[in-house]
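Numbering-wise (our numbering), the sequence shown opens with residue 883 and increments by one. C-beta atoms are modelled at their ideal positions from N, C-alpha and C, and glycine is treated no differently. Remember, it's a predicted structure, so these values are computed and weren't measured experimentally.
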Amino acid sequence: PMTLRPAASLVLFAFALAASAAAPAWARSTDRNKPINVDAGNQKGSTDESAPTVFSGGVHITQGTLDIKSSVAELTVRNGDPTRAVFTGNQVVMKQEMDDGAPVTARADKVDYDLTTEVIVFIGNAYMENPRGSTSGPRITYNMKTGQIESSGGGGGGRVKTTILPKSAQGRPAQGKK
């Protein structure tokens, strides 16, 4: 496993924040102060930031309660700070606990996070679930600055599906789970 420097933790923490799309809830805040561990079959990158660092061969990233699995993780760094993280695979799976201990899960074929705009885009079979409900669709965009979520069916006639559980049913799996 490789341990990343603290600046890279923002990328992974942001991914975790986006997983709370079914309801505004933050991922475990203490996770961002813990080491990031990356376990991958391969790593390729440059020391001068001229190209992204690419982890491949089955990537498993952990940081506290955060757990991300993808086929490939690509991290772009400029001036020592991460500017973009792209996770791909069939499927990218992220799990983390919120501060109250509730689980958050997100899946998509591709996850693209632009750290400069703080926008995360889940593309292809996107699905997010927390104890308050779930959201799924071909594309889900989450703006971390504004808290706005936009789900779209894509150009192919796909549909967005959201389940909001009544308070009495929260904590149980959402009905209609894919």
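Looking at E979, Q978, T1044, the one whose alpha-carbon comes closest to that of A1008 is T1044. DSSP places N915 within a helical segment (H, G or I) once states are collapsed to three.
Here the alpha carbons of A984 and R966 stand approximately 28 Å from one another.
For A1051, the three-state secondary structure derived from DSSP is helix.
Residue state for E956 is assigned as strand, using DSSP reduced to three classes. S928 counts as exposed, since fewer than 16 other C-beta atoms from the protein chains shown sit within 10 angstroms of its C-beta. Taking a C-beta distance under 7 Å as the contact criterion, G1040 and P1020 qualify as a contact pair.
Ranked by Cα distance from T1023, the options G962, Y995, L1047 are led by Y995. Following the DSSP letters along the chain, one finds E1011 inside the beta strand (DSSP E) bounded by residues 1001–1012. Contact between E956 and V968 is confirmed by a C-beta separation of about 5 Å, below the 8 Å threshold.
Under the DSSP definition of a beta bridge, D996 partners with R966, V1001. In this structure I950 is buried. Its beta-carbon is surrounded by 16 or more other beta-carbon atoms within 10 angstroms.
When D913, R910, D963, H942 are compared, the shortest CA-CA separation from E931 is found for D963. Listed in chain order, the non-local C-beta contacts of G940 below 6 Å within the same chain comprise G923, local neighbours out to five positions each way being set aside.
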